[in-house]
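Numbering (this note's numbering), first residue to last: 153 to 636. Heads up, the beta-carbon is just placed ideally off N, CA and C, and yes, glycines get one too. Working notes, structure below.
So, in structure tokens, the structure goes:
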């Protein structure tokens, strides 16, 4: 890979972007694909409930705490280089998961998957700023949003399909081993095509800042993911209390390093960009819907007694809406301007309120009417599809391209923290209302209340987004933040 300075549009930028999008597709795919495979894993490896939780949380935790570092590594050492290293590591970790002979081998593989996914994932979003002219960035972000979102939906359906078909007798192992041919093909065809981009004034990695950022995020994310399952023990509260103090220490160190002329992993000047703080607040509200997939799957399988495959296929209308939404953004921006994001989040709120009402009035022994459910899920997916790429533009458009990897990591980490918060807080409401033993009536009631909680969070995000729609990011704003 030869390094280029992007001053004129790179002729092969769309092909390069298509290759990098694999890094945006695989991490959410592997997060959601495991949900429907847990019963099969438990039967084969004899995992208990705590080990099952670790299979999911080990990946989610390491992915969240490493994203900012992964984005900054791309800025400093080359986004293409970090993409291929992350992809190669992700393939090796997937192989370990697929060959696991014990729960702990599977958990170790999932941990390595999380780290390598965080190195690979931010490079596609960072490259939007680096390789595309301003006029093409909205379309690129729309495609990014479609790929990122569809991965979560496809993960549910693909997991159910692979287990149902039992490819070559591999059972649940196929959900991990399917990553290998994808990774090998992308590496083989991508290396000759992908040209290197990175920050022009790249310096060495801020090791102290990296350690502090990962420690801060760990003390926040781990108790959010593990706390409820463990009954909120003392260490979870202590960890949450330590997180703000570590964040202050991290910020002060980064500020001193910036004033001394160093290259902090999180440049203070970046977060001072006009409107960026509010945009990140919108991102924090945006993935409150992250817990919806888990709760809806439980509602369908435990309350309505659907099969894993049937439950996975129910999400297809959501996926169709999520595909159409991002592709409609360039056209809708001509009509709605900067209001596409709050409109998209507003559609999600409408869809969730409708779903909560429909589930509450439907007898617990029956599934909601298929047509209404299809329209509702399509509406929620469409709103999510409109909201995600415009949110990415809302955040990344306020920062100079030299910091593209940094802001991509921050944005992805914020969305991941949003998911963790939704699982901890809204999931906590759901499981508290569920009771013991869970019945179809209690599951339906808990799901209805939790859906309303998600709708409130998205409504708050939409309201904040409205204030930003009146002051969209401009080239001048983005250029105001420059690397030292």
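> Considering only the beta carbon of each residue, do residue 550 and residue 417 sit closer than 8 Å?
Replying inline: Numbered from its first residue, the chain shown carries residue 550 at position 398. Numbered from its first residue, the chain shown carries residue 417 at position 265. Not a contact, by the Cβ cut-off of 8 Å.
> Of the choices 270, 365, 574, 294, whose alpha-carbon is the least far from that of residue 546?
Replying inline: Taking the first residue of the chain shown as position 1, residue 546 is located at position 394. Comparing Cα-Cα distances from residue 546 to each of 270, 365, 574, 294, the minimum goes to 294.
> Leaving out the 5 sequence neighbours to the left and right, which residues in its chain are closer than 8 Å to residue 170 when beta-carbon positions are compared?
Replying inline: Residue 170 sits at position 18 when you count from the first residue of the chain shown. The answer is none, since no qualifying residue turns up.
>> Within 8 Å, do at least three Cβ pairs link the region 369-388 to the region 406-414?
In response: no
>> Spatial neighbours of residue 508 within its chain, please: C-beta separation below 6 Å, excluding the five flanking residues on both sides.
In response: Translated into positions along the chain shown, residue 508 becomes position 356. So the list reads 600, 603, 604, once near-sequence residues are dropped.
> Roughly how many angstroms lie between the CA atoms of residue 518 and residue 230, to the nearest whole one?
Replying inline: Within the chain shown, the letter at position 366 stands for residue 518. Within the chain shown, the letter at position 78 stands for residue 230. Roughly 54 Å separates the two Cα atoms.
> Comparing alpha-carbon positions, which option in 497, 614, 516, 510 lies nearest residue 537?
Replying inline: Counted from its first residue, the chain shown places residue 537 at position 385. That would be 497, whose Cα lies nearest to the Cα of residue 537.
> Looking only at its own chain, which residues have a Cβ that is under 7 Å from the Cβ of residue 254, when we skip the five neighbours before and after it?
Replying inline: What you label residue 254 is simply residue 102 of the chain shown in a count that begins at 1. If we look at residue 254 and ignore the five residues flanking it on each side, its Cβ neighbours are 197.
> Using the C-alpha atoms, what's the distance from residue 226 back to residue 234?
Replying inline: Residue 234 sits at position 82 when you count from the first residue of the chain shown. Residue 226 sits at position 74 when you count from the first residue of the chain shown. The straight-line gap from Cα to Cα measures roughly 6 Å.
> Which residue's Cα is closest to the Cα of residue 188: 543, 392, 448?
Replying inline: Position 36 of the chain shown, counting from 1, holds the residue named residue 188. Answer by Cα proximity: 448.
> By Cβ distance below 8 Å, which residues in the same chain neighbour residue 311 in space, the five residues on each side in sequence not counted?
Replying inline: As a first step, residue 311 must be located in the chain shown, where it is residue number 159. Closer than 8 Å at the Cβ level, and outside the excluded window around residue 311, lie 184, 185, 186, 187, 188, 189, 327, 460, 464.
>> At the level of alpha carbons, what is the spacing between residue 155 and residue 346?
In response: Residue 155 sits at position 3 when you count from the first residue of the chain shown. Residue 346 sits at position 194 when you count from the first residue of the chain shown. Low confidence applies to residue 155: its pLDDT is 45, below 50, so where it sits in the model is not reliable, and the reading given next is rough at best. Cα to Cα, residue 155 sits roughly 10 Å from residue 346.
> Are the region 313-324 and the region 591-598 touching, with three or more C-beta to C-beta distances below 8 Å?
Replying inline: no
>> Tell me which residues share the same chain as residue 212 and place their Cβ nearer than 8 Å to its Cβ, disregarding the 5 neighbours each side in the sequence.
In response: The count along the chain shown starts at 1 and reaches residue 212 at position 60. So the qualifying residues of the chain are 183, 266, 373, 377, 568, 571, 572.
> Nearest to residue 444 by alpha carbon, out of 433, 598, 339?
Replying inline: On the chain shown, residue 444 is found 292 positions in, with the first residue counted as 1. When each option's Cα is compared against that of residue 444, the closest is 598.
> Would residue 343 be called buried (16 or more neighbouring beta carbons within 10 Å of its own) or exposed?
Replying inline: The sequence position of residue 343 within the chain shown is 191, counting from 1. Under this definition residue 343 is an exposed residue.
> From this set, 271, 277, 420, 358, which residue's C-alpha is nearest residue 542's C-alpha?
Replying inline: To locate residue 542, count along the chain shown from 1; it is residue 390. The residue with the shortest Cα to Cα distance from residue 542 is 277.
> At which residues does the alpha helix (DSSP H) containing residue 453 begin and terminate?
Replying inline: Within the chain shown, residue 453 is the residue found at index 301, counting from 1. Run containing residue 453: none; DSSP gives neither H nor E here.
>> Just to confirm my understanding: we take residue 209, look at its own chain, exclude 5 residues before and 5 after, and list those with CB closer than 7 Å. What are they?
In response: Taking the first residue of the chain shown as position 1, residue 209 is located at position 57. Here the set comprises 377, 378.
> From residue 637 to residue 181, what does the alpha carbon distance come to, in whole angstroms?
Replying inline: A question about residue 637 goes unanswered here, because the residues of the chain that appear run from 153 up to 636.
>> By alpha-carbon positions, which one of 348, 361, 429 ends up nearest to residue 619?
In response: Your numbering for residue 619 matches position 467 in the chain shown. Among 348, 361, 429, the Cα nearest to that of residue 619 belongs to 429.
>> Quick check on residue 617: buried or exposed, where buried means 16 or more other Cβ atoms within 10 Å of its Cβ?
In response: Taking the chain shown and counting its residues from 1, the one referred to as residue 617 is at position 465. When all chains shown are included, residue 617 counts as buried.
> Would you call residue 285 buried or exposed, if buried means 16 or more other Cβ atoms sit within 10 Å of its Cβ?
Replying inline: The count along the chain shown starts at 1 and reaches residue 285 at position 133. Exposed: under 16 other Cβ atoms inside 10 Å.
> Helix, strand or coil: how does DSSP classify residue 378 here?
Replying inline: Taking the chain shown and counting its residues from 1, one reaches residue 378 at position 226. Of the three classes helix, strand and coil, the one that applies to residue 378 here is helix, per DSSP.
>> Output needed for residue 611: all residues of its chain with C-beta closer than 7 Å, excluding positions within five of it in sequence on either side, in chain order.
In response: Taking the first residue of the chain shown as 1, we reach residue 611 at position 459. Correct list, in chain order: 501.
>> Quick test of your reading: residue 175 and residue 250, contact by CB under 8 Å. State the CB separation rounded to the nearest angstrom.
In response: For the purposes of this step, residue 175 is taken as the residue at position 23 of the chain shown. For the purposes of this step, residue 250 is taken as the residue at position 98 of the chain shown. Contact doesn't hold; Cβ gap of about 20 Å is too wide.
> Quick one: what's got a C-beta closer than 7 Å to residue 482's C-beta in the same chain, skipping five residues either side?
Replying inline: For the purposes of this step, residue 482 is taken as residue 330 along the chain shown, with counting starting at 1. Taken in chain order, the residues that qualify are 290, 291, 294.
>> Once the 5 residues before and after residue 505 are set aside, which same chain residues still bring their CB inside 6 Å of it?
In response: Counted from its first residue, the chain shown places residue 505 at position 353. If we look at residue 505 and ignore the five residues flanking it on each side, its Cβ neighbours are 607.
> Given that a residue counts as buried once 16 or more other Cβ atoms are within 10 Å of its Cβ, and exposed if not, what is residue 457?
Replying inline: Mapped onto the chain shown, residue 457 falls at position 305. Under this definition residue 457 is an exposed residue.
> Nearest-angstrom Cα distance between residue 452 and residue 307?
Replying inline: For the purposes of this step, residue 452 is taken as residue 300 along the chain shown, with counting starting at 1. For the purposes of this step, residue 307 is taken as residue 155 along the chain shown, with counting starting at 1. Distance between the alpha carbons of residue 452 and residue 307 is about 17 Å.
> Does any heavy atom of the ligand GTP sit closer than 7 Å to the C-beta of residue 400?
Replying inline: Questions concerning the ligand GTP fall outside what the structure shown contains, since it holds no ligand whatsoever.
> What are the boundary residues of the alpha helix (DSSP H) that residue 440 is part of?
Replying inline: Position 288 of the chain shown holds residue 440. Taken as a continuous stretch (DSSP letters only), residue 440 belongs to no alpha helix (DSSP H), as it is neither H nor E.
>> One question on the structure: do residue 340 and residue 565 come within less than 8 Å of each other, judged by their Cβ atoms?
In response: Position 188 of the chain shown, counting from 1, holds the residue named residue 340. Position 413 of the chain shown, counting from 1, holds the residue named residue 565. No, they are not a contact pair.
> DSSP state of residue 483, grouped into three classes?
Replying inline: For the purposes of this step, residue 483 is taken as residue 331 along the chain shown, with counting starting at 1. Helix, per DSSP.
> In chain order, which continuous runs of the alpha helix (DSSP H) of length 4 or greater are located wholly inside the region 295-341?
Replying inline: 326-329
> In whole angstroms, what separates the C-alpha of residue 299 from that of residue 503?
Replying inline: Here residue 299 corresponds to residue number 147 of the chain shown, with the count starting at 1. Here residue 503 corresponds to residue number 351 of the chain shown, with the count starting at 1. Roughly 22 Å separates the two Cα atoms.
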